[in-house]
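So the structure is just underneath, and the comments pick up after that.
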Amino acid sequence: MTRLRAALARRRPTSLMGAVKALMAGFVIFVVLVAGAVAMVVIVPWVYGEYGFHPEENARSWAALTPQYADTAVCQSCHEPEYAAWEGERHASVTCESCHGPLAEHAATAPVEAPAGSLGIAVPDEGLCAICHEQSPAKPTAFAQVDLAEHYAGGRCLNCHDSHSADAARPPEIPHSLARLPECVTCHAPAGLKPIPDGHVESSDAACQGCHKRPADGQ
Amino acid sequence: MSKTGMAGTPGQEAGPTLSRRRVLQLGAAALPALCGARLLAGALTGSGVDAARAADSSAPADDYDPSAHSWAFAIDTTTCIGCGRCVEACKLENHVPEKPEMNRTWVELHVIDQDGTVRVSSPDGGIDGFPTEETMPAADAANVRDAYFVPRTCMQCENPPCTWVCPVSATFRTEDGIVFVDEGRCIGCGYCIVACPYGARYIVPAGETTPKGVAGVVDKCTFCYHRITRGQLPACAEVCPANARIFGDLRDATSPVSVALNENRVRVMKPALGTRPQVWYIGLEEEVI
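Line by line, the protein sequences are chains A and B. What the first sequence shows, in our numbering, is residues 1 to 219, in sequence order. What the second sequence shows, in our numbering, is residues 1001 to 1289, in sequence order.
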């Protein structure tokens, strides 16, 4: 203790000049502190520490990339009829871009007055329907699945199903006997006695009867 | 002053008290000055971040605060239908190479046989779905006890082995829970690919680049950081038709992922490794990697 007291006594200013010197020393320390702080601010990047002390702006540059997929609300702003058919229906968990692909760029650049179908947006085909709906033991049993070899084989999904609502209109059944009759197209050709509706093509009996059944004959 | 202090300078009278004591005094003054400077600098930068952000127009969300989020996935294997829309969306969103073995996310089919054997397949990462006759042949049905699809991605581990092994500190984890690769530092050595227990990383092959246009470095899932910081879902979750990829913020109790973790029995992959994944699985029966 005595040694400490003696040391402190030695440090205590004994004159006016000594006091001024001590004040000056304190002022120098203060100036160094401020200068150091300013130097730190200049040298250390602004974002240092913002992302877990990684000194790069790397995380921010990942955040600055441009999204390719918009979202359903963006699609709705122009495509109201399709949105209305889809909303609240069985396909409502399937977003627009699940089937139509990434469309953020389309949403940002497409002219609003462009006629429907003129911009080359992908319209999916049967292959995409099958990717989800082909029967598989690995899929949840509650999920709608069909055996592709059985379910209107040869027909096109969208002939009966509406892709947006997933509603299906079953093809009309054949109201007459098929016994001792010629090929379907004999009467049902586009210019025939009872022509096939628009969107149908002249097909083999197998193709016709793949969709149109004759329950009374067990066909 | 330093000249005065140099005791060995010939022809100069170096006062012994001046040189030693003065140096010690200066050192004693410099230490608190440096510490104080760091503290002061911290305070100044704290207020400076917002100003820098506001000036940077490339920043997508000016008010995005990493410290306020903790991103996570709950993946529901009981609803996944193996359609692979997530794999396709990920590739298109994130400039992932078309090569089927290179994916930020992919889907596996786990088939558990009657004897408990687990078979895992992932044709082309599942991008074109799982054609039934090729992946679940009817002839094999009697032998199968259970089968389901398992979407895979980077687990964004809280304790990531990949960041530990990187020799150049190129890969790091952020406060909001995303493990990134700094493409400016990565030397493409592949140590992190070996260290990752979940196979979540790949080296960008010749002729391809990362989303930021860099070749020859490691790439991996970022939970679509450019989307989630804008309030969007990751692309895989956006397109999932079966709601199997439940994404959200664990800091928000009403977030879908928080609700899903609350309401379901969940598990992570390889918990014994202590990696603390931020991707939880609902309905995962056997652990197969």
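A virtual CB, placed ideally from N, CA and C, is assigned to each residue, including glycine.
Can you name the residues of chain E whose CB is closer than 7 angstroms to the CB of residue i?
i	result
residue 94 of chain A	Absent from the structure: chain E. Protein chains present are A and B.
Going by the DSSP bridge assignment, what does residue i pair with across the sheet?
i	result
residue 1109 of chain B	B/1121, B/1149
residue 1075 of chain B	B/1245, B/1281
residue 1225 of chain B	None; residue 1225 of chain B has no bridge partner.
What separation, rounded to the nearest whole angstrom, lies between the Cα atoms of residue i and residue j?
i	j	result
residue 99 of chain A	residue 1233 of chain B	17 angstroms
residue 58 of chain A	residue 1158 of chain B	19 angstroms
residue 1098 of chain B	residue 1220 of chain B	14 angstroms
residue 1281 of chain B	residue 124 of chain A	31 angstroms
residue 304 of chain A	residue 1229 of chain B	There is simply no residue 304 of chain A to check, as chain A begins at 1 and stops at 219 in what is shown.
residue 1174 of chain B	residue 1079 of chain B	31 angstroms
residue 15 of chain A	residue 1026 of chain B	22 angstroms
residue 8 of chain A	residue 38 of chain A	34 angstroms
residue 193 of chain A	residue 186 of chain A	8 angstroms
residue 1252 of chain B	residue 1128 of chain B	35 angstroms
residue 33 of chain A	residue 10 of chain A	27 angstroms
residue 140 of chain A	residue 1081 of chain B	7 angstroms
residue 1050 of chain B	residue 1225 of chain B	The pLDDT assigned to residue 1050 of chain B is 38, lower than 50, so where the model puts this residue is not dependable; a value taken from the coordinates is nonetheless given after this. Answer to the nearest angstrom: the Cα atoms are 20 angstroms apart.
residue 1202 of chain B	residue 1103 of chain B	8 angstroms
residue 201 of chain A	residue 1284 of chain B	48 angstroms
residue 1067 of chain B	residue 1169 of chain B	21 angstroms
residue 1015 of chain B	residue 20 of chain A	Confidence at residue 1015 of chain B is low in this model, with a pLDDT of 46, below 50, so its placement is unreliable and the value that follows should be read with caution. Straight-line Cα distance between these residues: approximately 23 angstroms.
residue 1247 of chain B	residue 1256 of chain B	6 angstroms
residue 1190 of chain B	residue 1181 of chain B	12 angstroms
residue 1162 of chain B	residue 126 of chain A	42 angstroms
residue 85 of chain A	residue 166 of chain A	9 angstroms
Taking only beta-carbon atoms, is residue i less than 9 angstroms away from chain B?
i	result
residue 86 of chain A	no
residue 190 of chain A	no
residue 135 of chain A	yes
residue 97 of chain A	yes
residue 9 of chain A	no
residue 210 of chain A	no
residue 63 of chain A	yes
residue 199 of chain A	no
residue 18 of chain A	no
residue 91 of chain A	yes
residue 169 of chain A	no
residue 139 of chain A	yes
Considering only the alpha carbon of each residue, which of the options lies closest to residue i?
i	options	result
residue 129 of chain A	A/75, A/74, A/162	A/162
residue 104 of chain A	B/1021, B/1214, B/1089, B/1022	B/1089
residue 962 of chain B	B/1245, B/1169, B/1144, B/1197	Nothing in the structure corresponds to residue 962 of chain B, since chain B is present only between 1001 and 1289.
residue 72 of chain A	B/1077, B/1258, B/1240	B/1240
residue 1149 of chain B	A/138, A/149, A/153, A/44	A/138
residue 142 of chain A	A/133, A/148, A/189, A/77	A/133
residue 102 of chain A	A/199, A/111, A/66	A/66
residue 1266 of chain B	B/1156, B/1070, B/1076, B/1123	B/1076
residue 1197 of chain B	B/1115, B/1114, B/1138, B/1274	B/1274
residue 203 of chain A	A/213, A/214, A/183, A/191	A/183
residue 170 of chain A	A/112, A/96, A/151, A/135	A/151
residue 1237 of chain B	B/1209, B/1064, B/1020, B/1074	B/1074
residue 1188 of chain B	B/1112, B/1122, B/1166	B/1166
I'd like to know if residue i contacts chain A, where contact means its C-beta is closer than 9 angstroms to some C-beta of that chain.
i	result
residue 1281 of chain B	no
residue 1066 of chain B	yes
residue 1211 of chain B	yes
residue 1070 of chain B	no
residue 1238 of chain B	yes
| request: Please name the residues in the region 65-83 of chain A whose beta-carbon is closer than 9 angstroms to at least one beta-carbon of chain B, in chain order. | output: With the criterion set as a beta carbon lying under 9 angstroms from some beta carbon of chain B, the members of the region 65-83 of chain A are 65, 66, 67, 68, 69, 70, 71, 72, in sequence order.
| request: Can you give me, in chain order, the residues of the region 143-166 of chain A that have a beta carbon less than 8 angstroms from any beta carbon in chain B? | output: 143
| query | According to a CB-to-CB cut-off of less than 7 angstroms, which residues of the region 107-133 of chain A neighbour chain B? | reply | 131, 132
| query | If contact means a Cβ-Cβ distance below 8 angstroms, which residues of the region 1105-1139 of chain B contact chain A? | reply | 1109, 1111, 1128, 1129, 1130, 1131, 1132, 1135, 1136
| query | Of the residues that make up the region 1204-1234 of chain B, which ones have a beta carbon closer than 9 angstroms to any beta carbon in chain A? | reply | 1211, 1212, 1222, 1224, 1225, 1226, 1227, 1228, 1229, 1230, 1232, 1233
| What residues from the region 1174-1206 of chain B come within 9 angstroms of chain A, judged by C-beta to C-beta, listed N to C? | Under the 9 angstroms Cβ criterion, the region 1174-1206 of chain B contributes 1174, 1175, 1176, 1178, 1180, 1181, 1182, 1183, 1184, 1185.
| request: Please list the residues of the region 1092-1105 of chain B that have a C-beta atom closer than 7 angstroms to any C-beta atom in chain A, keeping them in chain order. | output: Of all residues in the region 1092-1105 of chain B, only 1092, 1093 come within less than 7 angstroms of chain A when Cβ atoms are compared, listed by chain position.
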